[in-house]
């Protein structure tokens, strides 16, 4: 475009910002915009776009620098900053920015800002702050909007305030979707209320709402924690056969965990063999946990071999396998595994772990 003698305007720059996949690309575009005078006074859209971009590439400090240099800020720029802090795990900063939004600049937050700060409150497990945001939403007339109410249910449920979550859920003034049901089911399951989770799932089915894999994982996890083996298997079969839900690896791991922790190791192995796809690390990890609990050495060995075959370059797996063999006194195998760890060529893959549905 530039090579053809055409000069990009602020609308072009704004469009390009959403495509920036790295800090380097964002900085280059930022320099271009500054040189062309696109980040001047009153140009909320472009500057807010740079705030969002820097947060997206995990540079909230640079985003704040752009934000602080804006002579005037509007609800879009403040919301970008609140959301950016929350996305980068800077929950306290997100809450502070939310408060400053109306306390300093006198700008009332919109629905997106409220949802963003609720995710930060959830991260802080700050029930008091969550209630304040809830009250703020009611006073502003935003309560009842689907995505906001779902965020409220999620926040209350994860904070353990299930009575408040259920109060929002049961409010008949707004129409719920599958996410609403799923958040409530997950909340019950997270706090060991398996019977309540199953009852709500049954109510969901009776209401004609089609469950998805997220809801399925939530109710299966609840069954694991509560030891509801038969009900869990019944629900799994219903999800796959009646609702045509494609079983994810996490759902399969829940079933293995459900069977294995109940001592039904052979049934868990049969289930793994019946899977339509190759079982992943979380499935074998669930079987390993169960075989350790019930001292099934043969199954322990099978799970260990399968884990190492799937993720032989994962130090966390190697350490777990090493510790397991050490506890069984198999020191020759321990030496082999630890020698592999000390080779120094292994790299830890971030963001992956074995699913332990019953903890």
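Numbering (my numbering), first residue to last: 1254 to 1612.
We treat Cβ as the ideally placed atom computed from N, Cα and C, and that holds for glycine.
The model shown is predicted, which means the values in this text are computed figures rather than measured ones.
query                                                                                                             : result
Residue 1283, DSSP secondary structure in three states                                                            : helix
Supposed contact pair residue 1347 and residue 1370 - C-beta distance, whole angstroms, cut 8 Å                   : 6 Å
Same chain, Cβ closer than 6 Å to residue 1378, five either side skipped, listed in chain order                   : 1412
In chain order, each alpha helix (DSSP H) run of at least 4 residues that lies wholly inside the region 1534-1566 : 1534-1546 and 1550-1563
Candidates 1331, 1327 and 1325: closest to residue 1316 by CA position                                            : 1331
Residue 1272, DSSP secondary structure in three states                                                            : coil
Three-state class that DSSP yields for residue 1343 in the structure shown                                        : coil
Burial state of residue 1265 (16 or more Cβ within 10 Å)                                                          : exposed
DSSP state of residue 1325 mapped onto helix, strand, coil                                                        : coil
Straight-line gap, residue 1320 to residue 1302 (C-alpha atoms, nearest Å)                                        : 10 Å
Distance, residue 1408 Cα to residue 1344 Cα                                                                      : 13 Å
Nearest-angstrom Cα separation, counted from residue 1291 out to residue 1304                                     : 14 Å
For residue 1461 and residue 1227, the rounded distance between their alpha carbons                               : Limits of the chain in this structure are 1254 at one end and 1612 at the other, which puts residue 1227 out of reach.
For residue 1481 and residue 1438, believed in contact at Cβ under 8 Å, the rounded distance                      : Contact flag wrong, Cβ pair sits at about 13 Å.
Every unbroken alpha helix (DSSP H) within the region 1425-1483, with a cutoff of 4 residues, ordered by chain    : 1431-1443, 1447-1459 and 1466-1479
Simplified DSSP assignment, three categories, for residue 1496                                                    : coil
Whole-Å CB distance - residue 1435 paired with residue 1415, under 8 Å assumed                                    : Not a contact, Cβ separation roughly 15 Å.
Spatial distance of residue 1381 from residue 1540 (CA atoms)                                                     : 40 Å
Cα-Cα separation between residue 1420 and residue 1386, rounded to whole angstroms                                : 16 Å
Spatial distance of residue 1410 from residue 1278 (CA atoms)                                                     : 39 Å
Limits of the alpha helix (DSSP H) - the one that residue 1394 falls within                                       : Note, residue 1394: premise wrong, no alpha helix (DSSP H); not H, not E.
Pairwise C-alpha distance: residue 1350 and residue 1365                                                          : 14 Å
Cβ of residue 1407 within 7 Å of any chain D Cβ                                                                   : Looking for chain D here will not work: only one protein chain is present.
Residue 1547 versus residue 1533: straight-line alpha-carbon distance, rounded                                    : 22 Å
Distance, residue 1554 Cα to residue 1428 Cα                                                                      : 50 Å
Sequence-distant residues of its chain with Cβ nearer than 7 Å to residue 1498 (five each side left out)          : 1464, 1465, 1466, 1469 and 1492
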